[in-house]
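Trainee: My structure is below; once you've seen it, I'll send some questions.
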Amino acid sequence: MKIFTCSACKHLLFFENSQCTHCGHALAYLPDAGVLSAMEQALDGPANTYVALDAAAKGARYRLCKNYTEYAVCNWAVFEESQDYCLACRLNDTIPDLSDPAALASWHGLEIAKRRLVYTLLELGLPIGSNQDDQHLRLAFAFKSDGQNGEKVLTGHCDGLVTINVKEAHSALREQTRVELGESYRTLLGHFRHESGHYYWDRLLKDNPQLTDYRELFGDEQQDYAQAVERHYKNPRQNWADEYVSAYATMHPWEDWAETWAHYLHMVDTLDTAQSYGLAIRPHAVGGATAEVVTVERVRFERFEHLIGAWIPLTVALNSLNRSMGLPDAYPFVLTERVIAKLRFVHDVIDRARQAIATGPTLTASSAQRAPTGRTLSPVETAETLSPA
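All residue numbers for the sequence shown refer to the numbering used here, where the first residue is 183 and numbers rise by one.
Written out as structure tokens, the structure reads:
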């Protein structure tokens, strides 16, 4: 995530800000320009018409997303003549039941995580929407709660639709689940990243020549998924860290891919943030030799060697900082050679997809609109609900 500054007063901003705390200007993220811009209400036109002050917008006029103005769960904008909902909100299939007083706060947390995912996918140049001939390839999100009669909503993915149980937005409940399942890591953003991995497996690997290389690294995904789930929970694999990024990844090759995919997105986004701050790591161990300086600012994101070379020392520093604050490790993972090979494979898949898009028709999220369906996925389709990512 890049650093943003207010276009009006140059005050430091965060991606989620909707108003500058220094000068009071309204803010909106402009996905077409990739900037969080100060907005000034237009002197003519409807009340919800703004002029973006950031130079990258070139004076263009926008409207705030309807979910921004009506519910304050979004801070993105659309072109003046565009649709009511922004690129990210047009991916919504089902929103939480707002008759529940706590639902709005949960939805806000879900939208923050979702928009961070969409930001990263756009930065990586990945396809999000589909053309009219490929409706099943659309990425969409359904945010649902458990039923009053005991019906459980399982977090998972099916045919482009990612379902997230609303309770995952509650920090206390999510932490309780993490402890019960013995996970070292469980975040709302991690869920989005993991489930997006299933979507991109269908989109980028299924029936693709790279599938052979995928099976050599991750295993044969044609093995029965339901049996793999049952086996995983009855007899979990021991000593998994040599080959997998998480215990959950051992369940099935699809889950190994999704966990590795999510991990790659963790790396790219964190390194992007570190690079924006011009972070350089110059370790000076007491009683030992000084290690090589790692300057994250020089990371070239198209080079996997640069990514992994900067990532490992950065995570050591992150964990040390957390321990100084009495907090758990920010990065409770160990990357072995086998896991790094899988991460490299993810990197190569994304790189090829980006090149294919650059030379072919552009697919955007403009057509990725779904009417709420209330569809419920089967447990077999959504058993990845217990993912630690």
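Think of the CB as a built atom: it goes at the ideal place given N, C-alpha and C, for glycine as much as any other residue.
Keep in mind it's a predicted model, so treat the numbers as computed, not measured.
According to DSSP, is Ser-548 part of a helix, a strand, or is it coil?
Mentor: Unreliable placement is indicated for Ser-548, whose pLDDT of 37 sits below 50; no coordinate value is reported for it.
Trainee: Between the segment 339-348 and the segment 374-382, are three or more C-beta pairs nearer than 8 Å?
Mentor: Short answer: they touch.
Trainee: Name the residue from Lys-248, Asn-257, Cys-256, Tyr-244 whose alpha carbon lies nearest to the alpha carbon of Glu-263.
Mentor: The candidate whose alpha carbon is nearest that of Glu-263 is Tyr-244.
Trainee: Apart from the five residues on each side of it in sequence, which residues of its chain come closer than 6 Å, Cβ to Cβ, to Phe-527?
Mentor: Leu-399.
Trainee: Give the DSSP-derived three-state secondary structure of Gly-460 in the structure shown.
Mentor: Coil, per DSSP.
Trainee: Report the rounded CA-to-CA distance for His-434 versus Ala-440, giving the unit in angstroms.
Mentor: Rounded to the nearest angstrom, the two C-alpha atoms are 10 Å apart.
Trainee: Starting from Asn-274, trace the beta strand (DSSP E) in both directions and tell me its first and last residue.
Mentor: Where Asn-274 is concerned, the enclosing beta strand (DSSP E) stretches over 274-276.
Trainee: I'd like the span of the alpha helix (DSSP H) that includes His-193, first residue to last.
Mentor: Where His-193 is concerned, there is no enclosing alpha helix (DSSP H), given that its DSSP letter is neither H nor E.
Trainee: Rounded to whole angstroms, what's the CA-CA distance from Ala-444 to Ser-327? Just pull it up for me.
Mentor: Roughly 24 Å separates the two Cα atoms.
Trainee: For Arg-243, does the three-state DSSP call read helix, strand or coil?
Mentor: The answer is strand: DSSP assigns Arg-243 an E or B state.
Trainee: May I ask you to list the residues that DSSP assigns as paired with Ser-219?
Mentor: Answer is Ala-210.
Trainee: Helix or strand or just coil, what does DSSP make of Val-260?
Mentor: Strand at Val-260.
Trainee: Tell me where the alpha helix (DSSP H) around His-373 begins and ends.
Mentor: It spans 370-382 - the alpha helix (DSSP H) in which His-373 sits, taken as one unbroken run.
Trainee: Less than 8 Å between the beta carbons of Asp-451 and Thr-302, yes or no?
Mentor: Contact flag set, yes.
Trainee: For the beta strand (DSSP E) that Phe-325 lies in, which residues bound it at each end?
Mentor: Unbroken beta strand (DSSP E) run through Phe-325: 322-326.
Trainee: Which residues in the same chain as Thr-546 place their Cβ atom closer than 8 Å to its Cβ, once the five residues preceding and following it in sequence are excluded?
Mentor: Confidence at Thr-546 is low in this model, with a pLDDT of 40, below 50, so its placement is unreliable and no value can be given for it.
Trainee: Keeping to the same chain, check which residues put their C-beta closer than 7 Å to that of Pro-278; ignore five residues upstream and five downstream.
Mentor: Closer than 7 Å at the Cβ level, and outside the excluded window around Pro-278, lie Ala-285, Ser-288, Trp-289, Phe-325, Ser-327, Val-348.
Trainee: Checking the sheet assignment: what are the DSSP bridge partners for Val-233?
Mentor: Beta-bridge pairing links Val-233 to Glu-222, Arg-243.
Trainee: At which residues does the alpha helix (DSSP H) containing His-488 begin and terminate?
Mentor: Element bounds for His-488: 486-506.
Trainee: Return the residue from the list Ser-458, Asp-530, Val-498 that minimises the CA-CA distance to Glu-484.
Mentor: Of Ser-458, Asp-530, Val-498, the residue nearest in Cα terms is Asp-530.
Trainee: I'd like the list of long-range same chain contacts for Val-173, defined as Cβ closer than 6 Å, with 5 residues on each side in sequence excluded.
Mentor: The shown model of the chain, from 183 to 571, leaves out residue 173, and the question about it has no answer.
Trainee: Note down the Cα distance separating Leu-525 from Thr-442, rounded to an integer number of angstroms.
Mentor: Cα to Cα, Leu-525 sits roughly 6 Å from Thr-442.
Trainee: Under a three-way DSSP split, which group does Val-255 fall into?
Mentor: Residue state, collapsed to three classes: coil.
Trainee: Bridge partners of Val-344, per DSSP?
Mentor: DSSP output for Val-344 lists Phe-323, His-339 as bridge partner(s).
Trainee: Pull the bridge partners of Thr-187 from the DSSP assignment, please.
Mentor: According to DSSP, Thr-187 bridges with Leu-194.
Trainee: Using three-state DSSP, classify Gln-330 as helix, strand or coil.
Mentor: Coil.
Trainee: Pick from Ala-239, Ala-242, Arg-272, Thr-231: whose alpha carbon is nearest that of Asn-249?
Mentor: The shortest Cα separation from Asn-249 among Ala-239, Ala-242, Arg-272, Thr-231 belongs to Arg-272.
Trainee: Report the three-state DSSP secondary structure of Gln-201 (helix, strand or coil).
Mentor: If DSSP states are grouped into helix, strand and coil, Gln-201 belongs with the strands.
Trainee: Thr-394 to Trp-383, Cα distance in whole Å?
Mentor: Going from the Cα of Thr-394 to the Cα of Trp-383 covers about 13 Å.
Trainee: By Cβ distance, which residues of its chain are closer than 6 Å to Glu-198, with the 5 residues on each side in sequence left out?
Mentor: Correct list, in chain order: Ile-294.
Trainee: Do you know offhand how far Asn-504's Cα is from Ile-494's?
Mentor: Asn-504 and Ile-494: Cα-Cα distance of roughly 16 Å.
Trainee: Since Ala-220 contacts Leu-209 with CB under 8 Å, what's their CB separation in whole angstroms?
Mentor: At roughly 6 Å, the Cβ-Cβ gap stays under 8 Å, so Ala-220 and Leu-209 are in contact.
Trainee: For the alpha helix (DSSP H) that contains Thr-518, what are its first and last residues?
Mentor: Element bounds for Thr-518: n/a, residue is neither H nor E.
Trainee: On the premise that Ala-431 lies in contact with Asp-438, defined as a C-beta separation below 8 Å, what is that separation, rounded to the nearest angstrom?
Mentor: With 8 Å as the limit, Asp-438 and Ala-431 qualify as a contact, their Cβ atoms being about 4 Å apart.
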